[in-house]
Amino acid sequence: MAGVPMDQREGWIWFDGEFKPWKDAKIHVLTHGLHYASSVFEGERAYGGEIFKSREHSERLIRSAATLDMNMPWSVDQIEEAKRAVLEKNGLVDAYVRPVVWRGSEELSVPARNNTIHFAIAAWVWPSYFSVEEKLKGIRLEWSKWKRPSPETIPSSAKAAGLYMICTLSKDTAMANGYADALMLDYRGYVAEATGANVFFIKGKDITTPTPDCFLDGITRRTLIELAKQHGYSITERHIKPEELDQFDECFLTGTAAEVTPVSEIGQFRFKPAEGCRTLIDAYAKAVQPKRAAAE
């Protein structure tokens, strides 16, 4: 299925309260969300039929929508029920889940209050990027020329579609240059995040991660902070200058899609995935699949 275009897959998409065949889940070309980025979304994973931190994702979706002045006519409980129905309808157990909210096509101008708020949920099979052995080789990142902007210029606390435009530019450039991803600085020149994942650095039993004051404080990020503490690591959240990276031994990214992915290179800096990365990869795998972990 990996090579099948997203609009040509088989299955069912929950669309404004009803299921539509996958190929029929369409919107008009003059939809406000397409032209003015009035759209928010979530990325979630189901493991063994259960969506990890599902309710937290649903709550954040509503907060993100409200930040963009979109008052959703669906409650957290209704969203939770719809996501479960999507998995069941499509016969999925391990899957990626994508809820998305956007403004419709009643009017096409900068003001958007007269446009209907739409909501859809899709799910499909999306395996982990790498095996544990492959992950521990580490991925290579280059520096992005684009910076995370000031929270005074964008709603950085929302998972808003428009905020990902510079991420697409950064990752496409990185991949064209032979890298797996790009690391972005913020508007002040501090280390921020990768294009779709938060970043952590390890030195012994100390883990340092950037303060999320102008980029998304990821749900996976918060999960890894708690797991690291449980495994005896100290956590420091602070502003990190790029030139400081040579003091760290290990580095990894976290996100719903990335899960826990070690990094071997960021520009001129080198890291060697070791005990810290392996410990947290294993801890995260057990956290997202507790039933499987209990059976082992």
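Heads up: the sequence shown is residues 1 to 296, going by the numbering used here.
Backbone N, C-alpha and C define an ideal beta-carbon position, used for all residues, glycine too.
Here the structure is a predicted model, which is why all the values come from computation and not from measurement.
How is residue i classed by DSSP in three states: helix, strand or coil?
i	result
Tyr284	helix
Met1	Note that Met1 has pLDDT 42, beneath the 50 cutoff, so the model's placement of it is unreliable and the number below is only indicative. Coil, per DSSP.
Asp24	helix
Val263	strand
His118	strand
Tyr96	strand
Val101	strand
Ile13	strand
Ile154	coil
According to the neighbour-count rule (16 or more other Cβ atoms, all chains shown, within 10 Å of its Cβ), is residue i buried or exposed?
i	result
Ser109	exposed
Met70	buried
Met1	Confidence at Met1 is low in this model, with a pLDDT of 42, below 50, so its placement is unreliable and the value that follows should be read with caution. Answer is exposed; the Cβ neighbour count stays below 16.
Met175	exposed
Glu134	exposed
Thr11	With the sequence shown as reference, residue 11 is identified as Gly, and Thr is not the correct amino acid for it. The residue is buried, with at least 16 neighbouring Cβ atoms inside 10 Å.
Ala65	buried
Thr153	exposed
How many whole angstroms separate the CB atoms of residue i and residue j, which I take to be in contact at a CB cut-off of 8 Å?
i	j	result
Thr261	Glu237	Wrong, their Cβ atoms sit about 20 Å apart, outside the cutoff.
Leu163	Ala123	At roughly 23 Å, the Cβ-Cβ gap does not stay under 8 Å, so Leu163 and Ala123 are not in contact.
Leu227	Leu280	6 Å
Ser264	Ile121	Between Ile121 and Ser264 the Cβ distance is about 36 Å, and since that is not below 8 Å, they are no contact.
Ile240	Leu183	Wrong, their Cβ atoms sit about 11 Å apart, outside the cutoff.
Thr254	Phe200	7 Å
As a quick exercise: from the options, pick the residue whose alpha carbon is nearest that of residue i.
i	options	result
Leu136	Val29, Leu169, Asp282, Lys205	Asp282
Ser105	Arg98, Ile117, Asp94, Val97	Ile117
Glu44	Ser157, Pro273, Ser264, Pro99	Pro99
Asp246	Ala274, His231, Lys203, Phe41	Lys203
Pro149	Glu193, Glu81, Ala180	Glu193
Glu312	Ile79, Asp213, Glu18	There is simply no residue 312 to check, as the chain begins at 1 and stops at 296 in what is shown.
Asp172	Ser156, Ala158, Thr195	Thr195
Trp102	Val40, Cys277, Arg63, Gly48	Val40
Beta strand (DSSP E) runs contained entirely in the stretch 179-211, provided each spans 3 or more residues: 181-186, 191-194, 198-203, 206-210
Quick check on the DSSP output: what are the complete beta strand (DSSP E) runs of length 3 or more inside the stretch 215-275, in order along the chain? 234-238, 250-255, 259-266
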